[in-house]
Every structure is written in C-alpha cells, then in structure tokens.
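Numbering (our numbering), first residue to last: 896 to 1262.
Think of the CB as a built atom: it goes at the ideal place given N, C-alpha and C, for glycine as much as any other residue.
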Ligand code: ADP
C-alpha cells in the first residue's frame, strides 16, 4: 500500500519529536517543518494527506500558513489539524474554521486523541484516493470502449446506407421505414461515441498552453458552423475578444459547443448570438448571449452534468455531453462556468478564466 504523507509543523523541535513518536506507523511517512516557510516548500514538493500545524509560531502563525495553503489550488484541499494551547477558546476555533480548517487538538495533547483523530483523516484520505482511482479507471474504460466502437459502428452505418441506396426502391413502405430507423439509430450512436471520445480527450488529454487570439478562434468556429448558421438564418456577432493564454483547440471546442447550443435551442425567431468579453484585474469573463428558449432557473446548475438535457430530445436532438465538455475545459483552465437565464427570454452562458495561463497539474493521459 502506498504510504500516506503527514506534515507536522511546529517551531519547537522537541514538540516535533514528540508528535513524530505518537504518530509513527508503517502505513505513513511523517515529514516535519520548523517554520511556515519551510512547510510551504515541503507542500510544493510532496502530496500530503494531512497537515498538523502549531498555531503559535514566531515568523508565520499557523493560521497565516493555513491561509496561504487555502490560496493555492494544490494545497487548498489538504485537511489541517491546528495544534493550539488555547483550550476550547471559541474565538480561536472560529478563526480557524473560518479559514476552512477542519479540526483542532488542544494542549496538553492526549496521545490517544491525537492518534485517533489522525487515523480518521488518513482513512478519509485513502477512501478519497481509492474513489479517484476508480473514477479514472472507469473513464479509461469508457474511452477505450468508445474508440473500439468506432470501427464496427462505421461499418453498420455504411452498409445500412448502401442497403438503402441499392435496394431502397424495391422495398415496400414498411421496409423503407425500418431502414430509416436503422440509419438514424446508427447516426445517433456515432455522435454519442464521438462525444464520449471528445469528453475523455478534454478531461485527460495534455493541455498545450499558447497565446490564442480569441477573435481568430471564434472566426474559425463560425466558419465551421456556416451551414448551420445559414440554415437557421442566425446572426453571430462579437466584441472585445482578447488574446488568452490557453489550450487553443480546447478554447475552440468551448466556443463551438456554446455557439452551437445558442443557435440550436431557439424557437420561432432567427437566432441572435453575441459573444463578449470583460477584462478584470486578474481574469477575463466571457459571455455568450442568445435570444433562444432559455433555461428554467431550477435547472441552471444541472445542465453541466453529463447526459443531462433540459429540453426534449425529439425536438432538439443532442446527447447532453456538450456542456459537461465545456465545464471540463473551463475547469482545466482553473476557471468557472455558469448560465444566466430567466427561463424564457434567452440564455447567457458565462465563463471566467484567470489571465495567467493555466498551470497544469500532473494528469494521466488516456487518448
Ligand atoms: P445537448 O445539446 O447535446 O443536449 P448540452 O450538454 O450541450 O447537450 O446541453 C445540455 C442541455 O442544456 C440541453 O439539452 C438543453 O436543454 C440545455 N441548453 C444548453 N444550451 C442551451 C441554450 N443556449 N439555450 C437553452 N438551453 C440550452
């Protein structure tokens, strides 16, 4: 079993030694730091299951260290146990929890309580890791399965289409209808398989960050969608699009999915879509606004879930993966995505991404 790492931070070496003794175990490695600064260095270099921090330290207090940990994506989720002399002092407890701390140990320390608290956190950490591994395996499986489905599916599609072309005229109406169902089913399955492959690629593929001219990227997307745009008599306009440090193909995919939806989910009037971007101090917020059928406010968070559809498939088609691909793309760029709609009068899809190019954390590659 992989050993879980615990970091113990205390300015007094004798306290570190004592805690090391109490926490010792075959299933864990215990690393120590005598200041907030050296703790931060270790936090960058290792993946920790848990950090125990002495609250009273001279240079950087335990709370300050925790605040710095909360400020970084890599350390935000690590559970913290504060070790404090201020027994059950509510203001200290509150201050800690406000920072997102998870627990406290009060001096004088009881070996039994220290051990059992730490064990609970380690168990939670192991379960979370196991779950992550299982999700990853499942996603890998889906990715491989969808790749393998491509070829036989292509065969079914082409032979049914050939059948229709060659023998369509000799079949009676019922026969023609059967073939139509088969062709449409194969097409739907092919789109689903392509979407699954795209989903896996976006979630696990490597990001290549470059400076992308968003205006150029959007113009390429509009070119690709020109048939749909003219069929639906849509008008797509844009303003203030910046140069953005991002993975260009993923940005293109993001625009493509949002604009396709903006044109697709409309009723009687021709689609009008406007793409705009506002520059903030450290981020850009993009808005893709349409005049379509809107989304009920109760569904606005669910629509980013895989396979979720807010409207009937018979009317609009689709497999409910487009927005979950968008969400993955934005999140891999350390941003967030949401939708604003009053439920009837169009929707505005917004995403905010940091100006600083996305910093990549190590991920496995599936595709
Ligand atoms: P799909 O378009 O394949 O159904 P998506 O994941 O792209 O899947 O979208 C999920 C659901 O969100 C859609 O089925 C639709 O109900 C809703 N939706 C997405 N974009 C819009 C939009 N611009 N206007 C109204 N509803 C939308």
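{"query": "Per DSSP, cross-strand counterpart(s) of residue 1242", "result": "1236"}
{"query": "Pair within 8 Å by beta-carbon distance, residue 904 and residue 934", "result": "yes"}
{"query": "Cα-Cα separation, residue 1004 to residue 957", "result": "17 Å"}
{"query": "Contact check, residue 1129 vs residue 1165, beta carbons under 8 Å", "result": "yes"}
{"query": "C-beta atoms of residue 1241 and residue 1185 nearer than 8 Å", "result": "yes"}
{"query": "Residue 1105 at chain D interface by Cβ criterion, 8 Å", "result": "Absent from the structure is chain D; it holds one protein chain and no more."}
{"query": "C-alpha distance - residue 989 paired with residue 1216, whole-angstrom precision", "result": "With a pLDDT of only 49 at residue 989, under 50, the local geometry of the prediction cannot be trusted, and no value is derived from it."}
{"query": "Beta carbon of residue 910 nearer than 8 Å to that of residue 1087", "result": "no"}
{"query": "heavy atom of ligand 1 below 7 Å from residue 1185 C-beta", "result": "yes"}
{"query": "Nearest residue (CA-CA) to residue 1249, options 1137, 1169 and 955", "result": "1137"}
{"query": "Best match in 1234, 1246, 1244 and 1229 for proximity to residue 967 [C-alpha to C-alpha]", "result": "1229"}
{"query": "Strand pairing of residue 976, partner residues [DSSP]", "result": "947 and 998"}
{"query": "7 Å Cβ shell around residue 998 - same chain, five flanking residues per side excluded", "result": "976 and 1012"}
{"query": "Segments of 3+ residues assigned as beta strand (DSSP E) that fall wholly inside the stretch 1139-1221", "result": "1167-1174 and 1178-1185"}
{"query": "Buried or exposed (CB count within 10 angstroms, at least 16 for buried), residue 993", "result": "At residue 993, the pLDDT of 47 sits below 50, so the modelled position is not reliable and the matter cannot be decided from this model."}
{"query": "Ordered list of beta strand (DSSP E) runs contained in the stretch 1049-1081, each at least 3 residues", "result": "none"}
{"query": "Own chain partners of residue 1160 with C-beta closer than 7 Å, once the 5 adjacent residues on each side are dropped", "result": "1187, 1188, 1206 and 1211"}
{"query": "For residue 944 and residue 1017, believed in contact at Cβ under 8 Å, the rounded distance", "result": "6 Å"}
{"query": "For residue 897, the first and last residue of its enclosing alpha helix (DSSP H)", "result": "No alpha helix (DSSP H) contains residue 897, which DSSP labels as neither H nor E."}
{"query": "Reference residue 1093; option with closest CA among 1131, 1147, 1132 and 1122", "result": "1147"}
{"query": "Beta-carbon gap between residue 917 and residue 1006 smaller than 8 Å", "result": "yes"}
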